[in-house]
Amino acid sequence: MNTQTKLAIVAILIVIPLTSIVVYGTNTNQQFSSADNSKLQVISSFNPLHEFSQIVGQEKINAILLVPVGVEPHDWEPTIKDVQQMQKSDLIIINGIGFENWVDDLIDNEYDGLIVDTSKGIMVIKSTDEEHGDEEDSDHHLEGDPHIWLNPIFAIKQVGNIALAFSSADPENGEFYMTNAAKYSEELHELDLKIRNELSTCNKDFIAFHDAFSYFADEYGLNQHTIIQSNDSHGEVTAKTLENVISKARELDIKVIFSEETVNTKTSQIIANEIGGKVLVLSPLEIVSDDDYISKMNQNLEHLKEALCRK
């Protein structure tokens with residue numbers, strides 16, 4: 372495929388002009404202060420965005436993952452050292468939708484780089500916490516359901532937003548970034564088609580641990596039910612909650628209850644035992660893993676097929 376075709380693919384997939392990227396910063400034409408002035412200094416807020424940034428930027432950027440290994444982005448708050456590191460960067464790549472609740476403080480402290488909101492151009496679903504009135508008791512105020520990266524179509528938009536931001540900050544290498552984004556977007560498009568085809572004739576109802584898969588379910592015509600009715604996996608599970616989920620599983624003849632890597636599987640196992648089912652992992656992909664985004668999404672697909680495509 373020639374370069375023009377690749378650029379055209381990205382333009383079609385992103386469907387937003389360069390001028391509409393959401394960025395924050397006091398100096399959009401700053402000189403990079405790193406030791407290697409030929410590279411953008413890029414910090415990503417959590418793992419999927421870090422991977423996307425590395426794929427788009429490759430050797431033209433220095434990429435740093437902000438949230439430490441093993442820590443959920445929902446729980447993370449920056450230390451003074453983290454803030455100092457962010458102040459030295461050229462771009463900070465965020466998910467947006469209130470997922471990074473520390474961003475406003477960074478802006479108030481006159482961060483001199485660009486904060487790139489990768490949710491630009493994506494139709495946001497209302498936060499489950501807002502629907503249930505849980506936001507008032509939380510220090511983390513979401514502006515909607517943040518789990519956009521779990522929909523490969525929206526991941527393509529995030530990759531495109533990153534490429535456009537890199538191209539804006541480093542025009543000399545703009546074609547390089549856009550070409551890389553186009554190539555990876557093709558892989559994400561293939562993933563989308565695979566999920567769409569392999570789940571098309573299966574059952575539609577599944578029980579996730581928490582409300583992380585709304586965008587995924589909407590994209591592929593599925594019905595997400597949850598143990599914890601919250602966009603945060605640390606919500607309370609009561610005896611009444613367990614009773615309701617068990618009843619729903621029996622009503623829908625569900626035999627797989629999903630858990631996640633960072634939560635205790637005890638809750639899911641209690642439900643599975645009651646319905647004569649089993650527990651599998653459905654990963655929100657929030658923490659660092661040895662597997663890349665597409666591999667993890669394929670693992671999720673296999674577990675969904677085991678849950679939904681049984682005869």
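For what it's worth, this note's numbering labels the leading residue of the sequence shown as 372, then goes sequentially. We put the CB at the ideal spot given by N, CA and C, even for glycine. Everything numeric in this text was worked out from a predicted model, so none of it was measured.
Contact belief for residue i with residue j at Cβ below 8 Å, rounded distance in angstroms
{"i": "P419", "j": "Y664", "result": "6 Å"}
{"i": "G484", "j": "E514", "result": "Not confirmed; about 22 Å, so no contact."}
{"i": "S585", "j": "Q595", "result": "6 Å"}
{"i": "K431", "j": "N544", "result": "5 Å"}
{"i": "Q529", "j": "T489", "result": "4 Å"}
{"i": "I598", "j": "V616", "result": "5 Å"}
{"i": "V652", "j": "S630", "result": "6 Å"}
{"i": "V474", "j": "I486", "result": "6 Å"}
{"i": "I524", "j": "E590", "result": "6 Å"}
Residue i - containing beta strand (DSSP E), residue span
{"i": "K649", "result": "K649 to V652"}
{"i": "V659", "result": "Looking at the DSSP string, V659 is not in any beta strand (DSSP E), and its letter there is neither H nor E."}
{"i": "D488", "result": "L485 to D488"}
{"i": "F629", "result": "V627 to S630"}
Residues that residue i bridges to, as DSSP identifies them
{"i": "I599", "result": "H581"}
{"i": "L462", "result": "V413 and L485"}
{"i": "N594", "result": "D576"}
Proximity winner among the options, relative to residue i (alpha-carbon distances)
{"i": "P449", "options": "S416, N433 and V427", "result": "S416"}
{"i": "F587", "options": "N522, I478 and W473", "result": "N522"}
{"i": "S666", "options": "I566, D516, I435 and L477", "result": "I566"}
{"i": "E546", "options": "I628, L679 and G428", "result": "G428"}
{"i": "E645", "options": "S654, V659, T633 and L613", "result": "L613"}
{"i": "S660", "options": "N433, V438 and I414", "result": "V438"}
{"i": "I625", "options": "I642, D589, E557 and K611", "result": "I642"}
{"i": "E607", "options": "E622, V634 and L593", "result": "V634"}
{"i": "E422", "options": "L675, E673 and I658", "result": "I658"}
Continuous alpha helix (DSSP H) stretch holding residue i: start and end
{"i": "I496", "result": "Unbroken run through I496: none, as it is neither H nor E."}
{"i": "N532", "result": "P523 to A540"}
{"i": "E614", "result": "A610 to E622"}
{"i": "F547", "result": "G545 to L570"}
{"i": "I519", "result": "Element bounds for I519: n/a, residue is neither H nor E."}
{"i": "N635", "result": "N635 -> no alpha helix (DSSP H), and no H or E assigned at all."}
{"i": "D663", "result": "Unbroken run through D663: none, as it is neither H nor E."}
{"i": "I478", "result": "V474 to D479"}
Interface flag, residue i vs chain C, CB-CB below 8 Å
{"i": "L613", "result": "Considering every chain present, this structure includes no chain C. It has just one protein chain."}
Heavy atom of the ligand NAD within 7 Å of residue i beta-carbon
{"i": "S460", "result": "What this structure holds is no ligand at all, so the ligand NAD is not there to describe."}
Sequence ranges, beta strand (DSSP E) only - wholly within the region 404-446, length at least 3: 411-415 and 432-436
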